[in-house]
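Going left to right, the sequence shown walks through residues 5 to 300 as the numbering used here numbers them. The beta carbon of each residue, even a glycine, is placed where N, CA and C say it ideally should be.
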Amino acid sequence: MIRFVNAKINIGLNVVAKREDGYHDLETVFYPVGLECGLPHQPGPFDDVLEVTYDSGEMSGCRFQFVGRRIDCPPKKNLVVRAASLFLGKYNERLSDLNKFGMFQITLDKHLPDGAGLGGGSADAAFTLASLNEITGNHFSESELSGMAVKLGADCPFFLINSPCFASGIGEDLNKMDLDLHEYVILIIKPDVYVSTAEAFADVTPHKPDFDLRFLPFLPIEEWKEKVVNDFEPSVFSRHPELSEIKSRLYDSGALYASMSGSGSAIYGIYRDKDLAFKERDRIESTYPGVWLFGL
């Protein structure tokens with residue numbers, strides 16, 4: 005079984021409240037981008053490629069292979085390894101006959117960038133859960149898989165749905181949203197900047213948002229610039245002015261809406277005019293390590 009693992013962008017991100025458990029309540033719109041969700045892209049590879057196979061021989065267990073971009077993470081912290089271990093443990097508890105399936109082989113060809121706010125690691129984990137569930141006979145329901153996914157990351161459950169969603173709570177409370185950007189082109193730029201979660205939250209003060217993102221589909225995209233905000237931008241932009249400059253450049257080049265995704269550092273612009281998007285892509289693709297166009 006081979007799956008193309010897509011990413012997501014955040015359209016708006018509001019930090020609503022500080023929780024007693026130390027986390028924050030958020031409100032955001034997750035929008036998937038990549039081959040799996042019907043948004044082809046260029047140039048070069050973007051989606052991760054996940055292959056899950058099994059050999060019903062006498063040996064039993066799970067082998068992992070990571071190719072493509074180097075993954076600087078010990079196995080016990082790798083989200084694919086953690087997802088597989090969690091799933092197979094739950095499966096063994098439920099059926100107590102895992103050995104009949106023999107040896108699993110999981111190969112990840114990694115291309116999605118780290119530290120981008122695009123959810124690459126969470127997507128890998130969610131796709132691993134879904135693929136293992138399918139290859140073992142779909143013994144777990146969507147809600148059960150979601151319960152596993154949230155243990156791996158707050159945005160992991162989204163990639164099991166993989167369609168536009170309004171997200172609240174820590175990002176795990178999801179409601180599908182009728183939002184379709186297939187008539188537009190999305191330009192994503194990943195500069196050589198890493199933003200830690202702690203850094204992103206450093207100067208953010210939780211507050212009630214001025215605009216309710218649940219009404220995003222009813223707001224013309226031309227009005228998003230004035231109403232749809234990412235609360236992490238002021239804090240992150242003050243430390244990394246380059247990101248603010250990229251966002252301004254996207255607007256200057258004709259983007260209808262531009263924003264940082266998640267806590268950064270990827271910046272995206274949404275264009276109605278494909279020629280403008282292509283021209284901007286051509287101007288900047290040699291400047292930044294990652295530049296992609298979606299919805300061609």
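- The DSSP assignment places complete beta strand (DSSP E) segments of no fewer than 3 residues inside the region 139-216 at 169-172, 177-180 and 189-194, in order along the chain.
- Listed in chain order, the non-local C-beta contacts of residue 23 below 7 Å within the same chain comprise 29, local neighbours out to five positions each way being set aside.
- Cβ-Cβ distances below 7 Å link residue 210 to 19, 20, 21, 22 and 28 in the same chain, with the five nearest sequence neighbours on each side left out; the list follows chain order.
- Taking the Cα of residue 227 as reference, the smallest distance to any Cα among 217, 68 and 117 is reached at 217.
- Between the alpha carbons of residue 181 and residue 293 lies a gap of roughly 32 Å.
- Taken in chain order, the whole alpha helix (DSSP H) runs of length 4 or more contained in the region 14-69 number zero.
- In this structure, the beta-carbon distance from residue 171 to residue 153 does not fall below 8 Å.
- Residue 12 places its beta carbon 8 Å or farther from that of residue 90.
- Look at residue 132 here: in three-state DSSP terms it is helix.
- Your pair residue 260 and residue 274 checks out as a contact, with CB atoms roughly 6 Å apart and the cut at 8 Å.
- For the pair residue 120 and residue 194, the CB atoms are nearer than the 8 Å cut-off.
- In the DSSP assignment, residue 262 is bridged to 273.
- If the five residues before and after residue 164 are omitted, its C-beta is found closer than 8 Å to the C-beta atoms of 130, 133, 134, 146, 149, 150 and 153, all from its own chain and listed in chain order.
- When secondary structure is reduced to three states using DSSP, residue 7 falls in the strand class.
- In the DSSP secondary-structure assignment, residue 110 is bridged to 56 and 68.
- Annotation: residue 294 is outside any alpha helix (DSSP H); the continuous beta strand (DSSP E) that includes it extends over 294-298.
- By the beta-carbon neighbour count (other beta carbons within 10 angstroms, threshold 16), residue 186 is exposed.
- Under the three-state reduction of DSSP, residue 96 is assigned to helix.
- Taking 8 Å as the cut-off, the beta carbon of residue 114 is found no closer than this to the beta carbon of residue 67.
- Assignment of residue 137 by DSSP, reduced to helix, strand and coil, places it in the helix class.
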